[in-house]
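Only one structure is covered here, and it is reproduced in the block below.
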Amino acid sequence: MGMRHPFSRLAVIGLPLCLAGCASHDAEQQHLLYRNDMLEAKLLIASADPGNYARANDLLERAREADQRGEVAFYEALLKIRQQAPADQALPLLERAAKAGQPYAIALLYRVYSQPLLGQDADALKAEEYRKAYAELDVAKSGYPNFERAGQIVDQLLSQQPAQ
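Sequential numbering of the sequence shown, starting at 235, is according to our numbering.
See below:
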């Protein structure tokens with residue numbers, strides 16, 4: 235048997251560790267890109283300037299793959315509502331976001347069915363289902379934002395007017 239190089243064991247152990255470090259660095263970079271895209275998209279949507287909506291949509295599209303909490307679907311729905319798209323374009327996005335546990339999506343769905351919005355008829359039973367769903371979220375159990383505050387935030391997002 236031939237003599238093994240003393241560094242061969244080190245290479246066998248060290249190479250996977252080095253590669254794992256590179257992979258975690260790449261994952262961290264992807265997460266930072268996602269957070270940056272979401273922040274910029276939120277600001278563009280909150281500006282209520284229709285001239286910013288195409289860029290916001292592009293950012294949301296790029297962030298979609300990394301989204302695990304329904305944020306992208308919620309802000310896509312908000313964008314659709316701002317653009318006065320038909321309810322059948324916004325509601326599925328809100329439902330997807332709610333299933334992922336996005337608190338503002340649940341609060342907005344409550345509003346859709348408790349106060350006629352998006353052309354939907356009031357449906358007290360459906361509205362109550364969303365209120366109960368919100369109560370099961372970790373954010374609701376921690377107390378912030380409570381359901382009322384989440385509703386206020388949703389109202390502000392819906393009523394935001396462009397800066398003059």
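Note that beta-carbon positions come from the ideal geometry of N, C-alpha and C, so glycine has one too.
Task: residue 290 versus residue 323 - alpha carbon distance - done: 17 angstroms
Task: Range of the contiguous alpha helix (DSSP H) that encloses residue 383 - done: 381-393
Task: C-beta atoms of residue 339 and residue 307 nearer than 9 angstroms - done: yes
Open item on the list: Can you confirm whether the region 362-369 touches the region 309-320 when touching is taken to mean that 3 or more C-beta pairs between the two stretches lie within less than 8 angstroms?
Closed with: no
Open item on the list: Distance check for residue 358 and residue 348, CA to CA, integer angstroms please.
Closed with: 6 angstroms
Task: Stretch pair the region 370-378 + the region 325-333: three plus CB contacts closer than 8 angstroms - done: no
Task: From 384, 327, 341 and 279, residue whose alpha carbon lies closest to that of residue 292 - done: 279
Task: Among 370, 353, 287 and 300, nearest to residue 275 - alpha-carbon criterion - done: 287
Open item on the list: Quick check: the Cα distance between residue 302 and residue 269, rounded to an integer number of angstroms?
Closed with: 12 angstroms
Open item on the list: Judging by CA-CA distance, which residue of 351, 383, 394 and 337 is the nearest neighbour of residue 370?
Closed with: 337
Task: residue 344 vs residue 368 beta-carbon contact at 9 angstroms - done: yes
Task: Through-space distance from residue 273 to residue 264, alpha-carbon basis - done: 14 angstroms
Open item on the list: According to DSSP, is residue 348 part of a helix, a strand, or is it coil?
Closed with: helix
Task: beta-carbon residue 318 near the ligand FAD non-hydrogen atom, thresh 8 angstroms - done: For the ligand FAD, the structure offers nothing, since it holds no ligand at all.
- [ ] Could you tell me the boundaries of the alpha helix (DSSP H) in which residue 291 lies?
- [x] 287-297
Task: Beta carbon of residue 325 nearer than 9 angstroms to that of residue 354 - done: yes
Task: Backbone CA spacing between residue 296 and residue 267 [nearest angstrom] - done: 9 angstroms
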